[in-house]
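These notes concern the structure reproduced below.
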Amino acid sequence: MAKSENVKSCEPASVDPQYILMVKNLKKYFPIKGGMMGRVVGQVKAVDGVTFNVRRGTTMGLVGESGCGKTTTGRTILRLSGEKTDGQVLFNGKEVYDASPAEMRKLRTRMQIIFQDPFSSLSPRLPVGEIIGEAVKEHKLVSREEYEAYLDKVMDDCGLQPFHKDRYPHEFSGGQRQRICIARALALNPEFVVCDEPVSALDVSIQAQIINLLKKLQEERKLTYLFISHDLSVVEHISDTVGVMYLGSLVEYGEKKDIFRNPLHPYTKALFSAIPIPDPHARMNRIVLEGTIPSPANPPAGCKFHTRCAHCMQRCKTETPKQVEVEKGHFVVCHLYDGK
Amino acid sequence: MFFNRKKEDNGYLSARESRRISKENRRITNEMEKRRKRKNVPESEYLTKMHDPANAVEFDNLHSWFFTDAGTVRSVDGVSFDVPIGKTVGVVGESGCGKSVTSLSLMQLLQRPQGQTVEGEIRLNLGDKAINVVDTPQEVMQHIRGNYVSMIFQEPMTSLNPVFRIGEQVDEVIELHDGEGKSKEDIRKRTIELLEMVGIANSEGVYMMFPHELSGGMRQRVMIAMALACSPKVIIADEPTTALDVTIQAQILDLLRQLKDRINSSIMLITHDLGVIAEMADYVVVMYAGRIVEKGTAEEIFYHPAHPYTIGLMASKPVVGREVKELYSIPGKVPNPINMPNYCYFKDRCDKCTGSCEGAYPEEISLSKTHKVSCCRYYPEEMKGGRENGKE
Chain A
579 MAKSENVKSC EPASVDPQYI LMVKNLKKYF PIKGGMMGRV VGQVKAVDGV TFNVRRGTTM
639 GLVGESGCGK TTTGRTILRL SGEKTDGQVL FNGKEVYDAS PAEMRKLRTR MQIIFQDPFS
699 SLSPRLPVGE IIGEAVKEHK LVSREEYEAY LDKVMDDCGL QPFHKDRYPH EFSGGQRQRI
759 CIARALALNP EFVVCDEPVS ALDVSIQAQI INLLKKLQEE RKLTYLFISH DLSVVEHISD
819 TVGVMYLGSL VEYGEKKDIF RNPLHPYTKA LFSAIPIPDP HARMNRIVLE GTIPSPANPP
879 AGCKFHTRCA HCMQRCKTET PKQVEVEKGH FVVCHLYDGK
Chain G
188 MFFNRKKEDN GYLSARESRR ISKENRRITN EMEKRRKRKN VPESEYLTKM HDPANAVEFD
248 NLHSWFFTDA GTVRSVDGVS FDVPIGKTVG VVGESGCGKS VTSLSLMQLL QRPQGQTVEG
308 EIRLNLGDKA INVVDTPQEV MQHIRGNYVS MIFQEPMTSL NPVFRIGEQV DEVIELHDGE
368 GKSKEDIRKR TIELLEMVGI ANSEGVYMMF PHELSGGMRQ RVMIAMALAC SPKVIIADEP
428 TTALDVTIQA QILDLLRQLK DRINSSIMLI THDLGVIAEM ADYVVVMYAG RIVEKGTAEE
488 IFYHPAHPYT IGLMASKPVV GREVKELYSI PGKVPNPINM PNYCYFKDRC DKCTGSCEGA
548 YPEEISLSKT HKVSCCRYYP EEMKGGRENG KE
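Protein chains in written order, with this note's numbering: chain A, 579 to 918; chain G, 188 to 579.
Below you can see the structure in the form of structure tokens.
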């Protein structure tokens, strides 16, 4: 489990080889431009101090409401949204943002992303074989003779037929398109894949197929996933560790078992109580959160959740809580648990 | 030989075939449109009687088809169920199974002239009398919509007009459907009252806002306010929470439940989320490829699902607190809506198939007074032999 000293300090601490990814105090602010000269008048704190580690071969689930910075976290880790503002992203022990362009190119084959919407993330003008194979050719992963066979193998692994190669994305259904997206990411044989809401645009029965496929591929290829989703039941099914985000910060993070059996943070509790359970007699002890998520451009002082929290104390409004390890490997950012 | 195969495999049509179909379609739809556009239709043509006065709506053998250039799509093909007064009926199914088309038929909002209700009755209880929505002329329907039936549309992000203020949009509903003898000021007051009722704190301020200034949850509340503007007897909620976060979803579901009790209306809740259905619905209708495969009370459907599709649907959804190694996934895909097979539509995807599935589409079998299922496995022994004489 994550060592608590890693969490507290931002210094390049000892690199533990069991972690494929270590994110420390990651921040990503987007400037708000205004006025006549396009001056920077403020910042949207999309990701504001996120710390977690992902063990090799496991799945880390990231949940939260829309606009809480889940997707930005995923993209910032992959260095897809410009420069970070602060913090560290260590991939296999090396800082991603320190890599030179040539190193970065190599690194790109090691870490991949599956995008949210399979309807808009595939080029309508390229046949499927081209979409999946483009990066393979670009990075010269296999020789020209082996290329076709390699492509067939990847497509077969993802449940696509070889004759699909010459078809265009519009000829496929949503589930099939998501398979193409998965094949495109896996064609580079990555170690780490960010899955950004891969099933939220799909029907329930198709969802199950894609989730099973992702799990099967993980076992076969020893993949590590960062699984971003707002669907808690899907996250519970697929993840080993879970992080709960609120307004750009990780409020709770730990093993799936601990988080789901024993949620600590008031926000996590409210979030979990809101999940509809398919059982008409299920008792609903629902904690209904009042109001909506505040603007990330102007987050509340102190604890960011204090405006909607039922357990809000005086010091929540002024003092920013620190990450506390409540039980082994179970971290929470809340004044209720820091023992004062 | 080659062309024949291509046609069957890919559903490609030759230009000539397509022309023939569209000509035929135009003939059919023109006839229907002509009938619909008659002036001064006598009331006797659409007045009817409820089979059970405790029902708000009765769908009876409803067929809503779309006459497209590629062939006739039978979106809704023989659907019958009741919505009792003061109850919530949940309609579940995958996308494209005809859930929304069923509800649009009730509002008479199908995309005409291609979309037509070709057969069946929808009986709507107006209190002292009942009408058959299918035969009701436009001008009467205009009065029915909003006052008796109204709809909360699927996407709050796109169903509000971005160039008008929230207040104007809600005002318009009241003015059109219930505006007789009301001054502008009265209508404005009613709108603000409605906005307060759906839990918008700053109602005076929101009245003057544009849709883009509101969050998804707030927009959905506005949509609900518009639907409730004239206290309808039946509210159709078409995926009211699909685009929303779980915490906001909980707020909206709570609100719907409270409001339903306050104005004692019925809700027809359309969704693909079984969790939402379990929480809200008294009765559940499971649809597949334009037909009802199973219906019953929420307890019956969730505790004793009978149809293999219902069972599969429940098993394929991960549930918090229930650990499974691998999710069940229903094999195959929904049959092509233009060329429906003449046997059970689910047969090709069913893992509980028996020999008797070969025959015609299965009839509805009663498992209890309220629980009905369309599956050969539940046929009583004496019926299994004579399957050929079944429906269709």
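Even for Gly, the Cβ is constructed at its ideal location relative to N, Cα and C.
Assuming residue i is part of the beta strand (DSSP E), what are its boundary residues?
| i | result |
| --- | --- |
| PRO271(G) | 258–271 |
| ARG478(G) | 478–484 |
| HIS742(A) | Element bounds for HIS742(A): n/a, residue is neither H nor E. |
| PHE246(G) | 242–255 |
| GLY880(A) | From DSSP, GLY880(A) is part of no beta strand (DSSP E); its letter is neither H nor E. |
| VAL902(A) | 901–905 |
| LEU599(A) | 597–612 |
| ASN631(A) | 617–633 |
| CYS759(A) | Careful: CYS759(A) lies outside any beta strand (DSSP E), inside the alpha helix (DSSP H) at 752–764. |
| GLN666(A) | 664–669 |
| LEU828(A) | 827–833 |
| ILE454(G) | 453–457 |
Report all residues from its chain with a CB closer than 8 Å to the CB of residue i; omit the five preceding and five following residues, and keep chain order.
| i | result |
| --- | --- |
| ALA485(G) | GLY277, ILE464, ALA465, ALA468, ASP469, TYR470, VAL471 |
| GLU195(G) | Low confidence applies to GLU195(G): its pLDDT is 47, below 50, so where it sits in the model is not reliable, and the reading given next is rough at best. The answer is none, since no qualifying residue turns up. |
| TYR725(A) | GLY711, VAL714, LYS715 |
| LEU604(A) | VAL625, GLY627, VAL628, THR629, THR651, THR654, ILE655, LYS662, ASP664, GLY665, GLN666, VAL667 |
| LYS794(A) | none |
| HIS748(A) | PRO702 |
| ILE318(G) | TYR233, LEU234, THR235, ARG310, LEU311, VAL327, ILE331 |
| GLU579(G) | In this prediction, GLU579(G) scores a pLDDT of 35, lower than 50, which makes its location untrustworthy; no coordinate-derived value is stated. |
Please check the pair residue i and residue j, which I expect to be a contact at CB under 8 Å, by giving their CB distance rounded to whole angstroms.
| i | j | result |
| --- | --- | --- |
| SER807(A) | GLY639(A) | 7 Å |
How many Å lie between residue i and residue j at the Cα?
| i | j | result |
| --- | --- | --- |
| MET600(A) | GLN901(A) | 16 Å |
| LEU293(G) | GLY652(A) | 44 Å |
| GLN295(G) | ASP857(A) | 34 Å |
| ALA580(A) | VAL674(A) | Annotation note: pLDDT 42 at ALA580(A) (below 50); position unreliable, no value reported. |
| ALA243(G) | PHE268(G) | 11 Å |
| MET455(G) | ILE423(G) | 5 Å |
| ARG722(A) | THR259(G) | 48 Å |
| LYS882(A) | ASP460(G) | 31 Å |
| ARG375(G) | PRO696(A) | 44 Å |
| SER370(G) | GLU362(G) | 9 Å |
| ILE692(A) | LEU828(A) | 22 Å |
| GLU306(G) | LYS221(G) | 16 Å |
Closer than 6 Å by C-beta to residue i: which residues in its own chain qualify, once you throw out the five before and the five after it? Chain order, please.
| i | result |
| --- | --- |
| CYS581(G) | No information on residue 581(G) is available, as it lies outside the stretch 188 to 579 that chain G covers here. |
| TYR831(A) | PHE630, GLY821, PHE909 |
| GLU487(G) | HIS558 |
| MET396(G) | ILE353 |
| LYS447(G) | ILE454 |
| CYS537(G) | PRO495 |
| ILE411(G) | ILE339, VAL385 |
How would you label residue i, buried or exposed, when you count the other beta carbons within 10 angstroms and need 16 or more for buried?
| i | result |
| --- | --- |
| ASP256(G) | exposed |
| MET344(G) | exposed |
| VAL433(G) | buried |
| ILE784(A) | buried |
| MET474(G) | buried |
| GLU583(A) | Confidence at GLU583(A) is low in this model, with a pLDDT of 42, below 50, so the placement of that residue is unreliable and no value is reported for it. |
| THR541(G) | exposed |
| THR896(A) | exposed |
| PRO854(A) | buried |
| GLY546(G) | buried |
| VAL585(A) | The predicted position of VAL585(A) is uncertain, since its pLDDT is 43 and thus under 50; a value taken from the coordinates is nonetheless stated next. The residue is buried, with at least 16 neighbouring Cβ atoms inside 10 Å. |
| MET891(A) | exposed |
| PRO877(A) | buried |
| HIS889(A) | exposed |
At what residues does the alpha helix (DSSP H) containing residue i begin and finish?
| i | result |
| --- | --- |
| LYS447(G) | 433–450 |
| PRO844(A) | 844–851 |
| SER811(A) | 810–816 |
| SER783(A) | 782–799 |
| GLY499(G) | 495–502 |
| GLN329(G) | 325–334 |
| GLN303(G) | Segment 302–312 is the beta strand (DSSP E) holding GLN303(G); no alpha helix (DSSP H) there. |
| LEU297(G) | Taken as a continuous stretch (DSSP letters only), LEU297(G) belongs to no alpha helix (DSSP H), as it is neither H nor E. |
| GLU769(A) | Run containing GLU769(A): none; DSSP gives neither H nor E here. |
Grab me the residues of residue i's own chain with a C-beta within less than 7 Å of its C-beta, minus the 5 sequence neighbours each way, in chain order.
| i | result |
| --- | --- |
| THR590(G) | Missing from the structure shown is residue 590(G); chain G here goes from 188 to 579 and no further. |
| ILE498(G) | PRO492 |
| TRP252(G) | THR259, VAL260, ARG261, SER262, GLN303, VAL305 |
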